[in-house]
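Report on one structure; see the data block that follows.
Right, dumping it as structure tokens:
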């Protein structure tokens, strides 16, 4: 039987699912299975290292079957089991989260190196600093977005148990809600983030398949030198790469 579905593994249970369901509806695509991992990428790395360790204790990526891994990790019932043979593409979406106590650039680079093919074991897209970056804009024609950054201290702030960055974005964004994103707004967001991606890469020599790993390296270097992260949502770009503009 021909593989027909797309498996989308996302970090969070709420925003990510709402965002991608909405975008896929705008595309008129309904063959998507969205699964929430419910914790950050560093825990994901650690679990892979536990379950797929080679003789040296490193992750043996060649043996990873992500649907099978998720069946075990999420303790899915038989009726909900994921099967690798059902999926033509596997997409992973996680946050950069540089303020997390487990932040580790080497782990990120290893994951980006080894999850780089959606038709194989999967392709990883990171959001800088987190999923809310998709709406961290003042205007859909914001000429300053390509230079927009967030300071690490703003990511560490908490307000009544809520991320300070999320509150900052909500107070400044021109996107009032996910439900208000129509085709024109969606395409504008895709273009804004795609332009930012290539702006960050413009001084580098790179192959297309390496661009997301290079962006991560650039982000880690900027964080180390300046305590800043460029605002960039790459998870939206998996749809642009696969389907083009809406």
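Numbering (my numbering), first residue to last: 1346 to 1591. We put the beta carbon where it would ideally sit given N, CA and C, even for glycine. Model, not experiment: these values are computed from the prediction.
Pairing residue 1544 with residue 1491 gives a Cβ-Cβ distance under 8 Å. For residue 1498, the closest of 1392, 1383, 1510 by C-alpha to C-alpha distance is 1510.
Of the other Cβ atoms in all chains shown, fewer than 16 fall within 10 Å of the Cβ of residue 1447; this residue is therefore exposed. Under a 10 Å Cβ-count criterion, residue 1533 is classified as buried, with 16 or more other Cβ atoms of the shown protein chains found around its own Cβ.
When the Cα atoms are used, residue 1421 and residue 1412 turn out to be separated by approximately 11 Å. The residues 1387, in chain order, have a CB closer than 7 Å to that of residue 1449 in the same chain once the five nearest residues on each side in sequence are set aside. Counting of Cβ neighbours within 10 angstroms places residue 1467 among the buried residues, the total reaching 16 or more. When only Cα atoms are considered, residue 1571 and residue 1349 end up about 45 Å apart. In the structure shown, residue 1458 adopts helical secondary structure according to DSSP, grouped into three states. The beta carbons of residue 1591 and residue 1531 sit closer together than 8 Å.
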